[in-house]
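Here is the structure we will look at.
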Amino acid sequence: MRLSRYFLPVLKETPAEAQIASHRLMLRAGMIKQQQAGIYSWLPMGYKVLKRIEQIVHEEQIRAGHIPLLMPTLQPATLWQESGRYDAYGPEMLRIRDRHDRDMLYGPTNEEMITDIFRSHVESYKSLPLTLYHIQWKFRDEVRPRFGVMRGREFLMKDGYNFDLTKEDALHAYNRHMVSYLRTYERMGLTAIPMRADSGPIGGDDTHEFLVLAETGESEVFYDAKVPELKLGKRAVDYDNRDEVAGICEEFTTLYARTDETHDEALFNEIPEERRKVGRGIEVGQIFYFGTKYSEPMGATVNTPDQGKVPVHMGSHGIGVSRLVGALIEANHDEKGIIWPEGVTPFHVGIVNLKQGDVSCDSACEALYRAFVEHGLDPLYDDREERAGAKFATMDLIGLPWRITVGPRGIAANKVELTCRRTGESEEMSAEKAVEKVAGIYAAL
23 MRLSRYFLPV LKETPAEAQI ASHRLMLRAG MIKQQQAGIY SWLPMGYKVL
73 KRIEQIVHEE QIRAGHIPLL MPTLQPATLW QESGRYDAYG PEMLRIRDRH
123 DRDMLYGPTN EEMITDIFRS HVESYKSLPL TLYHIQWKFR DEVRPRFGVM
173 RGREFLMKDG YNFDLTKEDA LHAYNRHMVS YLRTYERMGL TAIPMRADSG
223 PIGGDDTHEF LVLAETGESE VFYDAKVPEL KLGKRAVDYD NRDEVAGICE
273 EFTTLYARTD ETHDEALFNE IPEERRKVGR GIEVGQIFYF GTKYSEPMGA
323 TVNTPDQGKV PVHMGSHGIG VSRLVGALIE ANHDEKGIIW PEGVTPFHVG
373 IVNLKQGDVS CDSACEALYR AFVEHGLDPL YDDREERAGA KFATMDLIGL
423 PWRITVGPRG IAANKVELTC RRTGESEEMS AEKAVEKVAG IYAAL
């Protein structure tokens, strides 16, 4: 993309309503526009990040054996009345009536609808195990939406649902989700810690939240200092191997890590004092096992090998896709702007032409642009008639991981300047070597 042709409405001043870094920087970098409290339009650059995150989530869900579908945003109230949650859910649910006076709702979650889909099409234990998921917009009418996309009313979420014959099978699905989530967050450059949590209105006895440590987090967290050091890395995982998957879950959940809702001071004090950490965290996902909470009242049963009939065991598993954009910025920014990890950056590299209109500079930038495209990368070329300082400020604000600067003096010496946004370190090298280095970084992801 050439910046002269792109829609990037950056702001010089910070809007008054922005209270935290991610909200401030998303507005300033032209990623979102507020339409109403807690409801945002996703402008082109914000939308690119959102889609990159969504793609990683899809890839890791499919790798774990989960099957995508798409459910509607509007749901009939009758399904929620069957489960008993329609009246219990509270004012966060947006209730509406259609022209035929039928009660409907804008879905805050999809346990009832997915259970209805399952009971309509699955009759035998031979169809199990089964995990279905989708990435869809949700609505929860927050009493006080704030912090931009971190606590909005409309949000994009991945929610998945497993159906299993026994509790043991369902707990394997729970573990499988935990491992797939760990890999998902690591691919985005995030350290998201699984913490024992409260189930809230979803219900169930087993649940973990995934929290990213950040000063602006809404949850107080208590953890062992060794927990953030745990990494899944590039190890191969056989998601059908129960012992292997359970072992990884044990590795990541044995050390103490809890939210304030489940914090146990006595257990916490058993950790060596120098490793006891108290901080704040941003929730970016949660997994639940809730057994037959929905399948029993809604008649989601299967025939068993001995000709019996039993309700299936279920769990639900969510990732806040749009919330992750804010969490990533909270964890990756400085006083100049955003610092995108390579896995989620809207553009892989920025090209800055210091002397637009100079034949040699224009030619070199065009050659760089074509070379990156040929490597399958997505460059952003700042070809505007702007002063150098303004171009650098824009690149720092939008936070692309790598920047190549092209100027007359460098071109005369057959050099360009490659700058790392995270460290600020710059290195002069040939254009060919700069392309090779950046392409190599992304190829290794």
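In our numbering, each number is its position in the sequence shown, counted from 1, plus 22.
Cβ atoms here follow ideal geometry from the backbone N, Cα and C, with glycine treated the same way.
Predicted, not measured: the structure shown is a model, and the values here were computed from it.
For the set P423, A86 and A435, the Cα lying nearest the Cα of V460 is the one of P423. Per DSSP, the beta-bridge partners of K55 are S63. Beta-bridge annotation (DSSP): V234 is paired with A214 and I304. If you look at Q41, you'll find it isn't in any beta strand (DSSP E); DSSP assigns it neither H nor E. Only residues of its own chain outside the window of five on either side were considered, and among them E145, S146, Y147 and K331 have a CB closer than 8 Å to the CB of N325, listed in chain order. Relative to the Cα of A40, the nearest Cα in the group S26, L30 and G60 belongs to G60.
Every alpha helix (DSSP H) stretch that sits fully inside the region 78-120 and reaches 4 residues is listed by chain position as 99-105.
A Cβ-Cβ separation of about 7 Å places L233 in contact with A214 under the 8 Å criterion.
Taking C-beta separations shorter than 8 Å and ignoring five residues to either side along the sequence, the partners of D282 in its chain run S241, E242, V243 and F244, following chain order. Its Cα nearest to that of E292, the residue Y278 stands out among I304, Y278 and A465. Sixteen is the threshold: when 16 or more other Cβ atoms of the shown chains lie within 10 Å of the Cβ of L252, as they do, the residue is buried.
Of the candidates S385, K180, M320 and Q58, the residue whose Cα lies closest to the Cα of S105 is M320. Contact between R117 and L127 holds, with the beta-carbon distance rounding to 5 Å and staying under 8 Å.
Less than 7 Å separates the beta-carbon of E305 from that of E231. Beta bridge pairing from DSSP links S146 with N325. Burial state of K160 is buried, judged by a 10 Å Cβ sphere holding 16 or more other Cβ atoms. Excluding the 5 residues flanking it on each side, F169 has same chain C-beta neighbours closer than 6 Å at I42 and H45, in chain order. Looking only at N197, R392, T131 and A219, the smallest Cα-Cα distance to D181 is reached by T131. From the listed residues G462, I341 and Q378, the smallest Cα separation to L399 is found for G462. Taking C-beta atoms as the reference points, L187 and L150 count as a pair closer than 7 Å.
Secondary structure at Y403: strand, using DSSP grouped into helix, strand and coil.
Under the DSSP assignment, M23 falls outside any alpha helix (DSSP H); it carries neither an H nor an E label.
Counting C-beta atoms within 10 angstroms of its own C-beta, F414 has 16 or more neighbours from the protein chains shown and is therefore classed as buried. Judged by their CB atoms, P216 and F290 are not nearer to each other than the 7 Å cut-off.
For G432, the enclosing alpha helix (DSSP H) has its first and last residue at P430 to A434. Under a 10 Å Cβ-count criterion, N436 is classified as exposed, with fewer than 16 other Cβ atoms of the shown protein chains found around its own Cβ.
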